[in-house]
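Residues in the sequence shown are numbered consecutively from 2, following my numbering.
Even for Gly, the Cβ is constructed at its ideal location relative to N, Cα and C.
Only a predicted model underlies this, so the values are computations on that prediction, with no experimental measurement involved.
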Amino acid sequence: MIPLIFLMLFCAILAAFFDARRYSLIFFIVSYILSTFWFMHHTTQTIGLSL
């Protein structure tokens, strides 16, 4: 999941570099949402909290 998030952020940087502002914003927002869901998924596991 982390490589996917970094790949999307890299695509956002490339899109911003090539002046595709809409695609850059879409890639950034989607990667932000995925990283938030991924973080919440791993911080709410009970086994991780008990260790």
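Asked                                                                                         : Found
Specify the secondary structure class of F18 as computed by DSSP and reduced to three states. : helix
Out of curiosity, what's the CA-to-CA distance linking I30 and T45?                           : 23 Å
Buried or exposed: F28, going by 16 or more other Cβ atoms within 10 Å of its Cβ?             : buried
Could you give the DSSP three-state label for M2: helix, strand or coil?                      : coil
Pick helix, strand or coil for T1, following the three-state DSSP scheme.                     : The question about residue 1 has no answer here: the residues shown for the chain are numbered 2 through 52.
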